[in-house]
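Q: In this text, residue positions in the sequence shown follow this note's numbering: the first is 434, and each later residue adds one.
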Amino acid sequence: MTIKERYEAAKESYKSLGVDTDQALLALKQIPVSMHCWQGDDVTGFDGAGALSGGIQTTGNYPGRARGPKELMEDMDKALSLIPGKHRINLHASYGIFEKGEWVDRDQLEPKHFAKWVEFAKERGIGIDFNPTLFSHPKAESATLSSEDPQIRAFWIRHVQACIRISQYFAEELNTPCTMNIWIPDGFKDIPADRTSPRARLKDSLDQILSMDYDKSKVYVAVESKVFGIGMESCTVGSHEFYMNYASKNDILCLLDSGHYHPTEVVSDKISSMLLFFDKVALHVTRPVRWDSDHVVLFDDETKEIAKEIVRGGADRVLLALDFFDASINRLSAWVVGMRNMQKALLNALLLPNEKLAALQKSRNFTELMMLQEELKLYPMGDVWNYFCELNGVPAKEDWFPQITAYEKEVLANRK
Ligand code: RNT
Ligand code: ZN
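1) Once you ignore the five residues that flank I624 on each side, which residues in its own chain have a CB closer than 7 Å to its CB?
2) Considering Cα atoms alone, identify which of G451, D455, S449 is closest to K437.
3) Check the DSSP bridge columns for E657 and list the partner residues they point to.
4) Are the segment 462-469 and the segment 742-758 touching, with three or more C-beta to C-beta distances below 8 Å?
5) Indicate whether the contact test is met: 3 or more Cβ pairs, each with one atom in the segment 700-710 and one in the segment 761-778, closer than 8 Å.
6) Excluding the 5 residues preceding and the 5 following I617 in the sequence, name in chain order all residues of the same chain whose CB lies nearer than 6 Å to its CB.
7) Could you tell me the distance, in whole angstroms, from the CA atom of P571 to the CA atom of D453?
8) Quick one: what does DSSP say P517 is sitting in, helix, strand or coil?
9) Just the Cα atoms here: how many angstroms apart are I522 and E807?
10) Reducing DSSP to helix, strand and coil, say where N847 ends up.
11) Tell me whether H673, by its Cβ, gets closer than 8 Å to a heavy atom of the ligand MN.
12) CA-CA distance, I590 and K549?
13) Answer yes or no: the CB of L731 versus the heavy atoms of the ligand ZN, is any distance below 8 Å?
14) Hey, how far is the Cα of K519 from the Cα of E674?
15) Below 8 Å, is the gap between the Cβ of V714 and the nearest heavy atom of the ligand RNT?
16) Can you tell me whether V827 is helix, strand or coil according to DSSP?
17) Taking the continuous alpha helix (DSSP H) assigned at L802, which residues delimit it?
18) Who does F563 pair with in a DSSP beta bridge?
19) For the segment 469-489 and the segment 744-751, state whether three or more C-beta atom pairs, one from each stretch, are separated by less than 8 Å.
20) With DSSP collapsed to three states, give me the class of T736.
21) Let me know the secondary structure DSSP gives R557 once reduced to three states.
22) Taking L753 as part of the beta strand (DSSP E), name the residues at either end of that continuous run.
23) Can the beta-carbon of I599 be found less than 9 Å from the beta-carbon of A526?
24) In angstroms with no decimal places, state the Cα-to-Cα distance between R498 and D475.
25) Based on Cα-Cα distance, which residue from M434, D734, K682, S726 lies nearest to D702?
26) Can you determine whether any heavy atom of the ligand ZN sits closer than 8 Å to the C-beta of L805, and answer yes or no?
27) Anyone know if the C-beta pair for L793 and L805 falls short of 9 Å?
28) Assign H546 to buried or exposed, taking buried as 16 or more other Cβ atoms, counted over all protein chains shown, within 10 Å of its Cβ.
29) With three or more beta-carbon pairs closer than 8 Å as the criterion, would you say the segment 767-781 touches the segment 507-519?
30) What does the shell around the ligand ZN hold, if a residue joins when its beta-carbon is under 5 Å from any heavy atom?
31) For T612 and D562, I'd like the C-alpha separation in whole angstroms.
32) Closer than 8 Å by C-beta to D816: which residues in its own chain qualify, once you throw out the five before and the five after it? Chain order, please.
33) Is the CB-CB distance between K713 and L689 below 9 Å?
34) I think L784 touches Y447, with their Cβ atoms under 8 Å apart; what is that distance to the nearest whole Å?
35) Would the C-beta of F405 count as close to the ligand RNT, meaning under 8 Å from any of its heavy atoms?
36) What span of residues does the alpha helix (DSSP H) with R591 cover, start to end?
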């Protein structure tokens, strides 16, 4: 049976539930996922400002890490060619591209340092999202936007403002809003004596940053909280409560990273609440495993649950990005697996008889609701997915992997 024939059979199964698979495929194509550049080089960046710090860590030394803009772009291109649909890319400020011999510190970054990325995005017709980089830098050794040192704090304020200008440049050049997400590593290893002052300084820094003139319809500023990081086990200054309140009072966005909460707390349960109070919510989808918040996204229960909430809440209101970095496996494969899994989860959600399920809940028919939710798990989603890949001109099933193997032999193996 061909992929198309299998699809036709699957279509009939879903039809009996009242689900239109053609509609689902159209809807899936409309959902861009922002692919993070930092999986390609273990969050190293190009500015050579310092080794990875901030309580995040990549482990592993799989050969073939991208060592500069050219290699990273090549790798991202290859990965994107194996992912169905049109997506976005997500950059960090540490990925600015300098002319030979040029170097500026992070507070002096300008749009021109990102012109090559704009060129890359324009040629591929995709948008760019952005992140100031407040780690892996000598001035980030103790604290950044919450620092007790006014000069350090001013440096990082200038950096984030520079990033807002660069984000606006991306939005204007590429004709699509840029989500600019602020994450800082500030926090305390052990029990602090004063939790308020650092948070008050962070609040003031954000106020100063946002007092600049920028176009809010082009730059969506978001703030990302975290429960703990390595070396910041007892308290992070930018906690969930801090940022949720800050974002809501100042009309910016909250970004929820699915690896940044207590182990049994789930982001899937937060999205509906956020969307009742915010126009949009931003996400970093990732997979927490014990101490690490950044394993490759799998097609697992929480990813599926997040996708259901996105589909049910309105995919246009959720700014969807991935965030993981695994240096122990082929980095391109990590991207492709993570991106395709996010899309599979979205497809899974689009193929549910969502209204019917909601009606069962409304009538408190929890017996039938459970039965149906469980039976749905074995519906032939794979046949619909394979057809989606075929329609979008990328290999279905595991058939993309030989291209990774070939690329590893021909390109990655030469990076010594
Ligand atoms: C760190 C945050 C943050 C980073 C990236 C590199 O815990 O999740 O989003 O992973 O900005
Ligand atoms: Zn994140």
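By construction, the Cβ of each residue, glycine as well, lies at the ideal position given by its N, Cα and C atoms.
A: Let me spell this out:
1) S667
2) D455
3) L688
4) yes
5) no
6) L567, T577, L578, G671
7) 55 Å
8) coil
9) 35 Å
10) helix
11) The model on display carries the ligand RNT and the ligand ZN but not the ligand MN.
12) 25 Å
13) no
14) 34 Å
15) no
16) coil
17) 799-809
18) L524, M613
19) no
20) helix
21) helix
22) 751-755
23) yes
24) 7 Å
25) D734
26) no
27) yes
28) buried
29) yes
30) D690, H717, D756
31) 5 Å
32) I436, R439, Y440, A442, A443
33) no
34) 6 Å
35) Nothing about residue 405 can be reported from this structure: the residues present for the chain run from 434 to 849 only.
36) 583-607
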